[in-house]
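Residue numbers for the sequence shown follow my numbering, so the first one is 791 and each next one is one higher.
Structure, as structure tokens:
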Amino acid sequence: MAARRLVSALRSGPARAAPLSTAPAAREQPAAGRGAAPGCGAAEAARPPSRVVDFGSPREAYRSRRSGELVRGWLVLRLCASPWLLAHHEQLLHLTRRLLGQRLFEKLMKMTFYGQFVAGEDQESIRPVIQHNRAFGVGSILDYGVEEDLSPEEAERKEMESCTSAVEREGSGTSKRERQYQAHPAFGDRRDGVISARTYFYASEAKCDSHMETFLRCIEASGGASDDGFSAIKLTALGRPQFLLQFSDVLTKWRRFFHQMAAEQGKTGLAAMDTKLEVAVLQESVAKMGIASRTEIENWFTAETLGVSGFSRSTLDLLDWNSLIDSRTELSKHLVVPNMQTGQLEPLLSRFTEEEELQMTRMLQRMDILAKKAAEMGVRLMVDAEQTYFQPAISRLTLEMQRKFNVEKPLIFNTYQCYLKDAYDNVTLDVELARREGWCFGAKLVRGAYMAQERTRAAEIGYEDPINPTYEATNAMYHRCLNYVLEELKHNSKAKVMVASHNEDTVHFTLRRMEELGLYPADRQVYFGQLLGMCDQISFPLGQAGFPVYKYVPYGPVMDVLPYLSRRALENSSVMKGAWRERQLLWQELKRRIRTGSLFHRPA
């Protein structure tokens, strides 16, 4: 069945299809157990105390910046604080371009917004920025910033076409996916309400190949610029999003079915890792559903058929349960879930057409090619998180890549959105799975980029809001997830985490917990990440103190990155506490240089 093949194809290597520009190499063998990944144990060694990091010193924060750059930064952030300018920025950009002409307009942009948030037009022109930042302890994550400038109508049309299956388009059957995992015209333009993340719309397989080639160039450039580089990808750029919707629906229904079985056994309200089903009771429940004979059912729930080390015949947890959606298990042929509206049992997995199968296979091939290139170049690959209706599939496919490539060290990093209510369960389940199976855990923690859109979509379509109720609850969730991962890093010297945050309190929290747990910058287990042109008062003091810190470095022609610049301007609006603080520090440093006669300061 299609969804099982989606998982098994990643484990066994992608099937052959029409040739891509780069042929996938032979599949690496996964580790057999926890001890099979060398160095994934704790490493105790004497270390010098970490340097104190001061985020309130303008002089330290902007040692790397010329005075002209400080003036530009202050001016740009000040303009971003104007509600009127933000509300009319698209019309103003269009008018300015008409009045000045393209050449003068591009020059103006390079002196202001483009110069602040974008490193250059191509990989050659951004080298000075990368080298300059590296001299002050800050690495780079290259990001090709070009985005399609689609109208809302074009975006909606593309989304509806690419998120609907052939069966649904032909009208020969209504979708059995839950409403959350169906495409809805009102939310066809996934850019709406999103200011801090790029959006890809499916156009064709050739366009997906083009996106892959762009990611490959970024990986190659990251490998050439650093021995410890990162690159980021989005799975919606690599294939038809219909597959992500369908697979997410499967995974969510299967997980909900587990919790329904747990409720029948009186085990509700427990954390995901603490919920365990009694196998004998589960077998009885499954037998009553009439799926198969009792003898067949008894043979399903064994260590051999589940394929999960550490399985106990008396109980079964969510990790064991998830492994059942796998071509290795006999049960997978029989997978059904109860439809809560009709009371009928329905097949969990659906079939794809031959063309859809081919498109799905090519998506897996592209993922495999990128991971192989990252391994070849010594670059860590971060898979960005996206909307919740895609995310279960994205996380599962990323996990399959981790099983395959994170044997000796974390090459693939999954992204966890801590504004989600189930973020902690997701983190703890994946950490435990890495322990059981012996691969090295790698994670990027973010708060999340789609909050307003997610809330509106849930309310209008009619499903539970997946977002934490308050900003404070999201902060608490972020720190809870981060603390759990840092505790794991203390005992697992090859697990790693990227703290992707512009929140100064979160960075302080991380530094304090690192000191308490004995995690040192030189071990390079904890990384920090911010965007170019934002929160330099955090990035550069960290880098100069020896902590591994990286800037997302976008590049691309001026006219092609205008959508990216619009999002950066909105993100630095007056409601951003960090942007307000950065403006203060920039102004203080400018006044200090004027007072001390050091306006012609040269970074050193």
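Glycine included, C-beta positions come from ideal geometry on N, C-alpha and C.
For clarity, every value in this text was computed on a predicted model and none was experimentally measured.
Here the stretch 1332-1351 does not lie against the stretch 1257-1277, with fewer than 3 beta-carbon pairs under 8 angstroms apart. Beta-bridge partners assigned by DSSP to Leu932: Ser1021 and Val1343. The bridge partners DSSP lists for Thr954 come to none. Taking all protein chains in view, the Cβ of Leu894 is surrounded by fewer than 16 other Cβ atoms within 10 Å, so the residue is classified as exposed. Around the beta carbon of Gly1080, a 10 Å sphere encloses fewer than 16 other beta carbons of the protein chains shown; the residue is thus reported as exposed.
Cβ neighbours of Arg1314 within its own chain (closer than 8 angstroms, five residues either side excluded): Asp1018, Lys1286 and Pro1338. Around the beta carbon of Phe1390, fewer than 16 other beta carbons sit within 10 angstroms, so the residue counts as exposed. Listed in chain order, the non-local C-beta contacts of Tyr971 below 6 angstroms within the same chain comprise Leu1035, Ser1038, Asp1039 and Tyr1179, local neighbours out to five positions each way being set aside.
In the three-state reduction of the DSSP assignment, Ala996 falls in the helix class. Within the stretch 1156-1239, the complete alpha helix (DSSP H) runs of at least 4 residues fall at 1181-1195 and 1213-1227. For Glu1010, the CB contacts under 8 angstroms within the same chain, skipping 5 residues up- and downstream, are Lys1163 and Met1167 in chain order. Straight-line spacing of the CA atoms in Arg1225 and Leu1108 works out to 15 angstroms. Pairwise C-beta distances place the stretch 942-954 in contact with the stretch 982-1002, as three or more of them are shorter than 8 angstroms. Remark: fewer than three beta-carbon pairs, one from each stretch, lie closer than 8 angstroms, so the stretch 1302-1316 and the stretch 896-908 are not flagged as touching. The shortest C-alpha to C-alpha distance from Glu1294 to any of His1281, Ala1335, Glu1372 and Lys1284 is the one to Glu1372. If you compare the alpha carbons of Val984, Glu968 and Thr1058 with that of Trp1044, the shortest gap goes to Glu968.
Going by beta carbons, Phe1195 and Met1172 fall outside the 8 angstroms limit.
In the same chain as His879, and ignoring 5 residues on each side of it, the C-beta atoms closer than 7 angstroms to its own belong to Ser1356 and Ala1359, in chain order. Put simply, the backbone Cα of Met1051 is about 7 angstroms away from that of Leu1072. In the DSSP annotation of this structure, Gln1315 is not part of any alpha helix (DSSP H), being labelled neither H nor E. If you ignore the 5 residues before and after Arg980, its C-beta comes within less than 8 angstroms of the C-beta of Ala945, Glu949, Thr989, Phe991, Gln1177 and Gln1243, all in its own chain and listed in chain order.
For Lys1280, the enclosing alpha helix (DSSP H) stretches over residues Tyr1261 to His1281.
The C-alpha of Ala1015 lies about 29 angstroms from the C-alpha of His1298.
Counting only residues of its own chain and dropping the five nearest sequence neighbours on each side, Leu1106 has a CB closer than 7 angstroms to the CB of Lys1066, Leu1067, Val1069, Leu1072 and Phe1091. If only complete runs of 3 or more residues are kept, the stretch 868-937 shows the beta strand (DSSP E) at 928-934, in order along the chain. If you look at Leu1114, you'll find it isn't in any beta strand (DSSP E); DSSP assigns it neither H nor E. Secondary-structure assignment with DSSP links Met1288 through a beta bridge to Lys1234 and Tyr1317. If you draw a straight line from the Cα of Val842 to the Cα of Ser1075, it comes to about 58 angstroms.
In the three-state reduction of the DSSP assignment, Leu1067 falls in the strand class, which pools E and B. Here Ile985 carries a coil assignment [DSSP, helix/strand/coil]. When only Cα atoms are considered, Arg1007 and Arg1193 end up about 25 angstroms apart.
Setting aside the 5 residues that flank it on each side, Thr1143 is surrounded in the same chain by Ala956, each with a C-beta closer than 6 angstroms to its C-beta; the list follows chain order. The bridge partners DSSP lists for Ile1257 are Leu1210. By the criterion of at least three beta-carbon pairs nearer than 8 angstroms, the stretch 1229-1240 is not in contact with the stretch 1299-1306.
Taking a cut-off of 8 angstroms on C-beta distances, the stretch 1322-1334 touches the stretch 923-931, as three or more cross pairs fall below it.
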